[in-house]
Structures are given as structure tokens and as C-alpha cells.
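*Asks:* So the mapping is simple: the working numbering equals the position in the sequence shown, first residue as 1, plus 451. The beta carbon of each residue, even a glycine, is placed where N, CA and C say it ideally should be. Handing you a structure now.
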Amino acid sequence: MHRSLEWAAGLFEGEGYITNSGKYPKVGLTMTDEDVVREFVKIIGVGSYRVRNRFPNKTQYEWQVTGSKCKGILENLLPYLGNRRAYKALNILDSLELV
Numbered sequence: 452m453h454r455s456l457e458w459a460a461g462l463f464e465g466e467g468y469i470t471n472s473g474k475y476p477k478v479g480l481t482m483t484d485e486d487v488v489r490e491f492v493k494i495i496g497v498g499s500y501r502v503r504n505r506f507p508n509k510t511q512y513e514w515q516v517t518g519s520k521c522k523g524i525l526e527n528l529l530p531y532l533g534n535r536r537a538y539k540a541l542n543i544l545d546s547l548e549l550v
């Protein structure tokens, strides 16, 4: 099944995060569905995922990108994000422009 950038943005809207703690911005997504995270990574084209066993009976899969690589991802997702995530994305993009 072929998924789109719009699908990836919807998934990111629900399961993703945008932070700028410390020196570098970070975008990521964490879920328990490995196949969904793999498909997301294919669509986004940047970053990779890792397995996190934070809970005894639940394996989590986390995709993450840090630093300047966040710029292209956020620019591509921005048109499809809701207000709250779009606001965070714009703040990160502004901070990357200052560097």
C-alpha cells in the first residue's frame, strides 16, 4: 500500500513531537506499531528508527531527527499540521534561520 506525505503528517500530528531542548531541535515519533513507523520513515526519507523497550510488555519504535535536518521535514509537514504543531514547527524553523 502506498502512503502519502499527507498520511505521514496526520500520523505525526497524533504521535509525533517537536522539541528544542538544549542546543538542537528534535522531531520524532514513537509508536508500538513497527510497520507503521517503517512506512513513515520511508515517506519522510530522513532519519531512522530504533527499538525502545521502556515497558515490560510493550515494544516501542521511535523515529527521530535532530539539528538542521529538521528544517526540511518541518517545511514539508507544515501545510498539513494543526495549529498547535504548526506553531511549534514555525518556532523551530525560526530558530534554525538564526543559526
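When the Cα of residue 456 is compared with those of 483, 530, 513, which residue comes out closest?
*Replies:* Cα-wise, what sits closest to residue 456 is 530.
*Asks:* Kindly indicate which residue of 471, 536, 506 has the alpha-carbon position closest to the one of residue 547.
*Replies:* For residue 547, the nearest C-alpha among the options comes from 471.
*Asks:* If we count the other Cβ atoms within 10 Å of its Cβ and call it buried at 16 or more, is residue 465 buried or exposed?
*Replies:* Per the 10 Å Cβ criterion, exposed.
*Asks:* Could you give the uninterrupted runs of the alpha helix (DSSP H) lying entirely in the stretch 489-540, keeping only those of 4 residues or more?
*Replies:* Entirely contained in the stretch 489-540, the alpha helix (DSSP H) runs reaching 4 residues are, in chain order, 520-528.
*Asks:* Cα separation between residue 489 and residue 462?
*Replies:* Cα-Cα distance, rounded: 12 Å.
*Asks:* When you compare the stretch 516-533 with the stretch 488-508, are there three or more beta-carbon pairs, one atom per stretch, that lie closer than 8 Å?
*Replies:* A contact exists between the stretch 516-533 and the stretch 488-508.
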